[in-house]
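In this note's numbering, the protein residues as written are 490 to 1224.
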């Protein structure tokens, strides 16, 4: 696609098997998820109808090219540089090169071949003039192999195995089995090899080793035990197992050279492979300039400058401890906590591998900016009344996932208050916890519980200060808080009691239209963050900035002349997460995977998939991400011409309640198109959690209003027959 010598060349690696492509930073378009290094054309589904699978994956491929790949390559500014493409190249190199470097290769040679070969030699030698090795050689001379190949299902098993092209086995010591397997259909393919033993002049028995007589049987068993050979290999294991066996056999004849190799490379192998991340600067002026979309009114938020931000002291991430539900705490547990001294959760300088960084990110995820006393009414976690009032749900082991005990001073146990886990830990009905899922915490009821514990005189005071800091947007007219102008704290408490689990009256939103808590699983695949698509997600640095802003920076951000927290405090009075801590947090979030859906892809769900396509759902929710990663304007908002050049804006208006997108500090005039992956564990639904279940969402009665208010908009699927509606829901629950 090069037009002149100064232009960039668009190259897409159709699979991730080319080390040269990886080293060149080629973007990937594989058949398995590749977040932040490219795109995905499928997710390894297995269909009974191969023609239908070809159709689905071909459509996904062409759609991905037209919608994402080519536009990203040609998205350039005045400098003619494809900035997003370059970011993909950098991410690809930093993410994948560690898997193709020679240090990893030599390390695997040592652990997979050299060391097992040495151990095999010791076993074969037996200090008996390699008698056992000679027996193995005689036995191997009679071994034959056959190769089978076919498509793999989601579990990695071959589902339609057929004979591969004829293979061959070289009987020389430095030999290997080889054969050809043709892939004539799309999807994931695998192969398996079966071994057989020629029994004198009788036919070869494949898949098992049958003894001709008792002595031959004993010899066969000795050889099988020595070599660890099994009569049948799984398609995804045969390569490594067979090659390992051949490596041992080769080693018998090449002992001196193998030992020399171990001596030469052993110092390199023992040296740990350290992960050295290139941590982005979070508060980067250029990156912050276009990080967030303008608000619906055209106003841009003005965040504090980098000089101010980096003068804020960094907070320590302290080790935290589980909180147990009443009656589930181990005997003497809390007393032991009081005797513990403060302990850092980790030290950055001690993190060696990427896995170390992800584990550190888990600690950041559970750490907090604010801490409360154990008996504070907001998080009175040792009080059964608090549990009953808030409806807090414990995990299977009796722990409370949303909060943790922390010790910052010996003898004083506190509770983490505003950690990421407090809003993004999902507890299912069976007690299973989904980290990063949409939180099932009842924050609003906790707030109401705290107000209810105040003296009656205090509850009668005006609530304007709290409402203004959390929800104030005075530049919008009429004032969104006008209906609450005369509220007392008791009035606020009664309103909070009506907000369901999973819906959060967070800062910058609305007490009348609070948003549902978003799912962070799969966040690496999303281009816009927040229900209103407030912030772009162009790199891991943007996710770090999003975490920093929502931790406390939003409260000191200026919106024209308005600052939610009032006067800008001195930096020394605040605390912030370090860039390294935020990087670890982002790695942890990127690493979270949704649990497998318990709902089967049965006949009804397959029919629902057909209905899904027939009704045009893939226009906004295409596989494999089940979102087109675009913004949909709300009713009453006129899209500025420059937005269509800068952002991915649809022409479709789905007609849901526009209040959150028009009358709040996070209102951009848009809602992002959400992914449908994981809807089986999510809920409530709609951007403000107005509907509890999928069944209610596809019930047209919601348009007219039932026990609560009418839930308008997004009328797709509401006119389906009852059987078709059940089938569609059955399919959605498998995602």
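Each residue gets a CB set at the ideal place from its N, CA and C atoms; glycine is no exception.
Just how far apart, CA to CA, sit residue i and residue j?
i: residue 638; j: residue 546; result: 21 Å
i: residue 896; j: residue 827; result: 8 Å
i: residue 1084; j: residue 1171; result: 12 Å
i: residue 952; j: residue 876; result: 25 Å
i: residue 846; j: residue 837; result: 8 Å
i: residue 925; j: residue 1078; result: 7 Å
i: residue 1001; j: residue 1041; result: 22 Å
i: residue 1185; j: residue 905; result: 36 Å
i: residue 577; j: residue 527; result: 7 Å
i: residue 784; j: residue 640; result: 50 Å
i: residue 1090; j: residue 917; result: 21 Å
i: residue 1053; j: residue 796; result: 21 Å
i: residue 931; j: residue 552; result: 40 Å
i: residue 908; j: residue 1211; result: 43 Å
i: residue 1132; j: residue 1012; result: 23 Å
i: residue 582; j: residue 1030; result: 16 Å
i: residue 915; j: residue 1025; result: 25 Å
i: residue 1203; j: residue 1189; result: 10 Å
i: residue 572; j: residue 1137; result: 16 Å
i: residue 1061; j: residue 803; result: 10 Å
i: residue 717; j: residue 601; result: In this prediction, residue 717 scores a pLDDT of 39, lower than 50, which makes its location untrustworthy; the coordinate-derived value is nonetheless stated afterwards. Roughly 14 Å between the two C-alpha positions.
i: residue 1153; j: residue 944; result: 32 Å
i: residue 949; j: residue 881; result: 27 Å
i: residue 854; j: residue 963; result: 33 Å
i: residue 1218; j: residue 1034; result: 36 Å
i: residue 991; j: residue 871; result: 22 Å
i: residue 1007; j: residue 1019; result: 7 Å
i: residue 1113; j: residue 679; result: 22 Å
Per DSSP, residue i is paired with what?
i: residue 1122; result: 1159
i: residue 923; result: 915
i: residue 888; result: 813
i: residue 781; result: 1024
i: residue 1174; result: 1180
i: residue 791; result: 1047
i: residue 679; result: 639
i: residue 1198; result: For residue 1198, which the question treats as bridged, DSSP gives no partner whatsoever.
i: residue 1065; result: 803
Hey, could you find the ends of the beta strand (DSSP E) residue i is sitting in?
i: residue 898; result: 894-898
i: residue 860; result: 860-862
i: residue 904; result: 901-905
Give the range of the alpha helix (DSSP H) segment to which residue i is assigned.
i: residue 796; result: 795-798
i: residue 1090; result: Premise fails: residue 1090 is in no alpha helix (DSSP H) and is neither H nor E.
i: residue 1072; result: 1068-1080
i: residue 1151; result: 1148-1151
i: residue 941; result: 932-941
i: residue 1115; result: Neither: residue 1115 is in no alpha helix (DSSP H) and is coded neither H nor E.
i: residue 1144; result: Unbroken run through residue 1144: none, as it is neither H nor E.
i: residue 879; result: 873-879
i: residue 1183; result: 1183-1186
i: residue 1235; result: Residue 1235 falls outside the range modelled here, since the chain spans only 490 to 1224, and no answer is possible.
i: residue 1130; result: 1130-1135
Mapping DSSP to helix, strand and coil, what is residue i?
i: residue 1030; result: helix
i: residue 803; result: strand
i: residue 558; result: helix
i: residue 570; result: coil
i: residue 605; result: helix
i: residue 1217; result: helix
i: residue 545; result: helix
i: residue 1016; result: coil
i: residue 1051; result: strand
i: residue 868; result: helix
i: residue 1059; result: coil
i: residue 467; result: What the structure shows of the chain is the stretch from 490 to 1224, and residue 467 is not part of that stretch, so it cannot be assessed.
i: residue 717; result: Caution applies to residue 717, whose pLDDT of 39 falls short of 50 and renders its modelled position unreliable; the value that the coordinates give is listed next. Residue 717: coil per DSSP, three-state reduction.
i: residue 527; result: strand
i: residue 1208; result: coil
i: residue 575; result: helix
i: residue 1223; result: coil
i: residue 768; result: coil
i: residue 1190; result: helix
Going residue by residue through the stretch 954-1006, where are the continuous alpha helix (DSSP H) segments of at least 4 residues, counting only ones entirely within it?
978-985
What ranges does the alpha helix (DSSP H) occupy inside the stretch 806-841, keeping only unbroken runs of at least 4 residues that lie completely in it?
822-827
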